[in-house]
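To start, the structure under review is shown below, and the notes come after it.
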Amino acid sequence: KNQVEQSPQSLIILEGKNCTLQCNYTVSPFSNLRWYKQDTGRGPVSLTIMTFSENTKSNGRYTATLDADTKQSSLHITASQLSDSASYICVVSAYTNAGKSTFGDGTTLTVKP
Amino acid sequence: GAGVSQSPSNKVTEKGKDVELRCDPISGHTALYWYRQSLGQGLEFLIYFQGNSAPDKSGLPSDRFSAERTGGSVSTLTIQRTQQEDSAVYLCASSLVVSTSGQFFGPGTRLTVL
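The listed protein sequences correspond, in order, to chains A and B. Under my numbering, think of the first position of the first sequence as 1, with each following residue one higher. Under my numbering, think of the first position of the second sequence as 1, with each following residue one higher.
What follows is the structure in structure tokens.
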């Protein structure tokens with residue numbers, strides 16, 4: 001069964017600090033892995049998309065890594081800002097039935113001043 | 001349009017009533033998806049459409065739920081005889097193609113069934 005597990009479930013950090021969110025998956029055959037940011041009351045917004053051959057991708061202060069061998073991904077946030085407070089969702093797609101992605105439950109990040 | 005739009009943004013209905021939720025995808029996007037997100041929960045896949053192919057309805061929780069996509073663009077999600085457990089945010093997303101392109105989400109419709 002395809003699964004995506006994210007950790008930690010929630011995280012509180014001080015403004016300006018860095019943090020790393022984890023995503024482990026068992027989706028196969030792997031097509032791509034996406035990280036989304038979802039602000040409260042809003043729809044998710046894409047941060048990064050990585051395919052099998054990519055092991056790192058950056059979007060501003062967000063850097064995602066992918067290890068397709070161990071089926072792990074991480075999202076690193078540098079110099080956090082209050083506006084980074086949100087839920088971060090890891091989504092993995094398989095080549096078979098690519099329209100039915102597997103979503104993680106998300107990590108809720110709170111950045112405090 | 002510039003992004004995915006959904007209407008209404010909020011819907012309050014009485015148990016047993018039917019509701020229709022609308023999604024306008026990004027122009028030119030061939031794939032359209034519906035998800036449900038209960039309070040504090042992750043996204044639950046409901047259905048997706050790809051071009052003129054038959055939709056994947058495998059995520060629809062019961063036969064009270066149905067969706068259609070007219071002319072390959074606008075989609076409507078219909079919930080018949082609503083129940084209190086249907087209360088959730090219903091999110092629509094679209095993508096250029098199904099396989100490798102990212103999905104762009106709308107703001108969602110918050111459905112409350114009293």
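All C-beta atoms in this analysis are idealised placements derived from N, C-alpha and C, irrespective of residue type, glycine included. Since the structure is predicted, the reported quantities are computational estimates derived from the model, not experimental observations.
Can you pull the chain B residues whose beta carbon is under 8 Å from the beta carbon of residue i, in chain order?
{"i": "N97 (chain A)", "result": "D56"}
{"i": "K100 (chain A)", "result": "F45, Y48, D56, S58, G59"}
DSSP state of residue i, grouped into three classes?
{"i": "S9 (chain B)", "result": "coil"}
{"i": "D84 (chain A)", "result": "helix"}
{"i": "E85 (chain B)", "result": "helix"}
{"i": "T70 (chain B)", "result": "helix"}
{"i": "A93 (chain B)", "result": "strand"}
{"i": "S31 (chain A)", "result": "strand"}
{"i": "Y122 (chain B)", "result": "Any property of residue 122 (chain B) remains undetermined from this structure, which presents chain B solely from 1 to 114."}
{"i": "E20 (chain B)", "result": "strand"}
{"i": "I26 (chain B)", "result": "coil"}
{"i": "V4 (chain B)", "result": "coil"}
{"i": "N97 (chain A)", "result": "coil"}
{"i": "T48 (chain A)", "result": "strand"}
{"i": "D56 (chain B)", "result": "strand"}
{"i": "A68 (chain A)", "result": "coil"}
{"i": "S75 (chain B)", "result": "strand"}
{"i": "T102 (chain A)", "result": "strand"}
{"i": "Q80 (chain B)", "result": "coil"}
Would you list the one or two residues that DSSP bridges to residue i?
{"i": "I12 (chain A)", "result": "A:T110"}
{"i": "Q3 (chain A)", "result": "DSSP, once it has assigned bridges, lists no residue as partnering Q3 (chain A)."}
{"i": "I89 (chain A)", "result": "A:Y36"}
{"i": "L111 (chain B)", "result": "B:K11, B:A88"}
{"i": "S58 (chain A)", "result": "A:T63"}
{"i": "Y20 (chain A)", "result": "For the record, residue 20 (chain A) in the displayed sequence is Thr; it is not Tyr. Its beta-bridge partners are A:H76."}
Give the interface partners of residue i over in chain B, defined as CB-CB distance under 7 Å, in chain order.
{"i": "F103 (chain A)", "result": "G42, L43"}
{"i": "G43 (chain A)", "result": "L91, F105, G106, P107, G108"}
{"i": "G106 (chain A)", "result": "G42"}
List the residues of chain A that residue i touches, going by C-beta distances under 9 Å, in chain order.
{"i": "V12 (chain B)", "result": "The contacting residues do not exist; V12 (chain B) stays about 16 Å from chain A at best."}
At 9 Å on the CB atoms, spell out the chain B contacts of residue i, in chain order.
{"i": "S46 (chain A)", "result": "G102, Q103, F104, F105"}
Anything in chain A within Cβ reach of residue i, meaning under 8 Å, just list it in chain order.
{"i": "V98 (chain B)", "result": "A98, G99"}
Beta carbons nearer than 8 Å to chain B: which residues of the segment 48-81 of chain A have them? I49, T51
Specify whether the segment 57-73 of chain B and the segment 16-33 of chain B touch according to this definition: at least 3 beta carbon pairs, one from each stretch, less than 8 Å apart. yes
Near-chain A residues of the segment 59-78 of chain B (beta-carbon distance less than 8 Å), N- to C-terminal order: G59
Is it a yes or a no for the segment 86-94 of chain B touching the segment 101-111 of chain A, going by three-plus beta-carbon pairs under 8 Å? no
Using 8 Å as the cut-off, can you tell me whether the segment 58-69 of chain B makes contact with the segment 61-68 of chain A, which would need three or more C-beta pairs spanning the two stretches below that distance? no
Taking contact to mean 3 or more Cβ pairs, one atom from each stretch, closer than 8 Å, check whether the segment 79-91 of chain A and the segment 33-47 of chain A are in contact. Touching, per the Cβ criterion.
Using a Cβ-Cβ cutoff of 9 Å, what residues of the segment 4-36 of chain B are near chain A? List them in chain order. V4, Q6, A31, Y33, Y35
Should the segment 12-21 of chain B be regarded as contacting the segment 65-78 of chain A, the criterion being three or more beta carbon pairs within less than 8 Å? no
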